[in-house]
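Colleague: This structure is in structure tokens; I'll ask about it shortly.
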Amino acid sequence: KPLPKWGKSTSPLVDPERQTVIVSAGESGGPSLIAYETETGTEAWRSGGKGASYSSPRLISLHGVPQIVSVNQYDVTGHDPATGQEWWTFPWPGVNPKVGQPIELPGSRVLVTASYGAGSFLLQVGHEAGAWSVEPVWQTLRLKTKFSSVTVRDGHAYGLDEGRLTCVNLADGSR
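Just so we're aligned, residue 217 is where the sequence shown starts under my numbering, counting upward by one.
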């Protein structure tokens, strides 16, 4: 299978509890994530089939449950770290690459940002009676990160909006 158009810019995620290393995989049609056992290099699991992005997977806790959050080529997903099973999916179409890292926020929320007109979403992840869900709280084009991620402090996200330093209010996405 050919390499992605611009190579890879992601970092592997090491999960010491499960002794695996999780990597963002290939382009369209390929898996989004692949996990390998750290001791043997044997594939432990693979997940997704819509292709990866240029964002590194992150191990975060939502509703007190550790999970891998991955910004992929056409969506954002939450996965069981032990099996790779996809617990929730937020569709995020667009043909341009998404590079910013998903940011964990209080209240089981996740901030995702991207450039090329994709903008930002604040996602609310739900977990009730064993079922996962995800809904957008807001969307804005006022924060479009290209090759960087945001920093969060005191209810605000700071980042580069197409190269210009900007700040958005996490309550409503306003600049």
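Beta carbons: idealized from backbone N, C-alpha and C, even for Gly.
Once the 5 residues before and after tryptophan 354 are set aside, which same chain residues still bring their CB inside 7 Å of it?
Modeller: The answer, listed in chain order, is Leu338, Asp388, Gly389.
Colleague: Which term fits tyrosine 374, buried or exposed, when burial requires 16 or more other beta carbons within 10 angstroms of its beta carbon?
Modeller: Exposed, by the Cβ-count rule.
Colleague: Looking only at DSSP bridge pairs, what is asparagine 385 linked to?
Modeller: DSSP output for asparagine 385 lists His372 as bridge partner(s).
Colleague: Quick one: residues in its chain with C-beta nearer than 8 Å to the C-beta of valine 368, no 5 flanking neighbours on either side, listed in chain order?
Modeller: The answer, listed in chain order, is Ile319, Leu321, Leu327, Tyr374, Leu386.
Colleague: Which runs of the beta strand (DSSP E) fall wholly inside the region 327–363 and span at least 3 residues, in chain order?
Modeller: Taking only runs of at least 3 residues, the beta strand (DSSP E) segments lying wholly in the region 327–363 are 335–344, 347–356.
Colleague: Where does the unbroken beta strand (DSSP E) through glycine 294 begin, and where does it stop?
Modeller: From DSSP, the beta strand (DSSP E) with glycine 294 extends over 291–295.
Colleague: Roughly how many angstroms separate the alpha carbons of valine 350 and tyrosine 252, rounded to a whole number?
Modeller: Computed Cα separation, rounded: 28 Å.
Colleague: Could you say which of Gly333, Pro273, Thr305 lies nearest to valine 292 if we only look at CA atoms?
Modeller: Closest by alpha carbon: Thr305.
Colleague: Roughly how many angstroms separate the alpha carbons of alanine 247 and threonine 236, rounded to a whole number?
Modeller: Per the sequence presented here, residue 247 reads as proline, with alanine not at that position. Proline 247 and threonine 236: Cα-Cα distance of roughly 17 Å.
Colleague: Quick check: the Cα distance between glycine 265 and tryptophan 308, rounded to an integer number of angstroms?
Modeller: Going from the Cα of glycine 265 to the Cα of tryptophan 308 covers about 14 Å.
Colleague: Just to confirm my understanding: we take tyrosine 332, look at its own chain, exclude 5 residues before and 5 after, and list those with CB closer than 6 Å. What are they?
Modeller: The residues are Asn312.
Colleague: Starting from serine 286, trace the beta strand (DSSP E) both ways and give me its first and last residue.
Modeller: Run containing serine 286: 281–287, per the beta strand (DSSP E) assignment.
Colleague: Which residues bound the beta strand (DSSP E) around alanine 260?
Modeller: Where alanine 260 is concerned, the enclosing beta strand (DSSP E) stretches over 259–263.
Colleague: Helix, strand or coil: which one does DSSP assign to threonine 236?
Modeller: DSSP places threonine 236 in strand when its eight states are reduced to three.
Colleague: Going by alpha carbons, who is nearest to proline 232 out of Ile250, Thr226, Thr254?
Modeller: Comparing Cα-Cα distances from proline 232 to each of Ile250, Thr226, Thr254, the minimum goes to Thr254.
Colleague: Taking the alpha carbon of glycine 371 as the reference point, which residue from Arg391, Leu381, Lys360 has its own alpha carbon closest?
Modeller: When only C-alpha atoms are compared, the closest one is Arg391.
Colleague: Would glycine 294 and valine 285 qualify as a contact pair, given that the criterion is a beta-carbon distance under 8 Å?
Modeller: Yes.
Colleague: So, using beta-carbon positions, are alanine 268 and glycine 242 closer together than 8 Å?
Modeller: Yes, the pair counts as a contact, with Cβ atoms nearer than the cut-off.
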